[in-house]
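In UniProt numbering, the protein residues as written are 1 to 261.
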């Protein structure tokens with residue numbers, strides 16, 4: 001089992017069946033030209049005591065032959081040594097890195113929903129936010145130069161695979177300017193001069209910015225905002241929602257307002 005510091009740095013080890021299935025699905029989509037995620041699987045490690053005779057193992061082995069990755073039988077202890085914990089279910093994958101391009105106007109959908117997550121403190125919270133935003137229909141996530149994809153394996157598991165399925169982009173110097181040039185409004189989740197998120201016009205195209213509960217949103221992005229929204233509480237409560245919770249509430253309100261009836 002990896003120590004805490006190694007958990008964050010071991011970014012290209014993925015664990016568990018959901019992560020492995022997602023990686024394989026993405027590799028198939030990339031080979032067919034239907035995904036921009038160029039991450040490749042190098043090896044999948046299977047616990048010989050759990051998966052050696054299972055249908056899951058047979059399926060993984062078949063996909064390994066198709067996609068060109070090794071399937072290695074080993075002990076549970078061997079997998080424990082390379083993963084974050086011991087809840088991997090007898091499966092882990094070693095992968096290459098992923099190319100995350102800088103955002104530019106030609107990459108942006110004409111009537112889409114993009115989100116920037118800024119200042120999130122840990123990869124689990126980041127992964128939970130991605131899971132909700134992917135389910136809510138976000139077309140892409142814009143990342144700061146320093147982001148939690150250095151811990152991609154943890155993020156993948158926390159997001160139930162969503163981090164490997166949703167398009168990711170680096171923000172560059174002026175993400176709000178790029179989005180505005182593409183015809184998008186910029187909406188920040190921030191208390192200052194805000195309106196309740198459920199009363200706001202969140203029609204597409206929309207660029208939503210959500211900050212971490214400690215550091216919040218940077219001044220430059222706030223100064224570029226067309227509208228600030230807040231999440232009102234049902235009772236007196238002074239604590240901030242987690243970034244994942246705030247992203248979920250705002251993301252689903254965007255979905256609600258723009259869904260096709």
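Where is the CB? At the ideal position from N, CA and C, for every residue including glycine.
Residue range of the beta strand (DSSP E) that includes residue 35: Taken as a continuous stretch (DSSP letters only), residue 35 belongs to no beta strand (DSSP E), as it is neither H nor E.
Reference residue 152, options 145, 161, 144, closest by Cα: Considering only alpha carbons, the answer is 161.
Range of the contiguous beta strand (DSSP E) that encloses residue 185: 185-189
Own chain, CB closer than 8 angstroms to residue 21, minus 5 neighbours either side, in chain order: 161
Distance between beta carbons of residue 43 and residue 75, contact taken as under 8 angstroms: Wrong, their Cβ atoms sit about 15 angstroms apart, outside the cutoff.
Candidates 150, 61, 77, of which the one nearest residue 71 by Cα: 61
Span of the alpha helix (DSSP H) around residue 253: 243-258
Which of helix, strand or coil DSSP assigns to residue 16: coil
Neighbour-count burial assignment, residue 95, 16 or more Cβ in a 10 Å radius: buried
Whole-angstrom distance between residue 145 and residue 171, CA atom to CA atom: 7 angstroms
Buried versus exposed, by CB contacts within 10 Å (16 or more), residue 123: buried
Local Cβ density within 10 Å of residue 233, reported as buried at 16 or more and exposed below that: exposed
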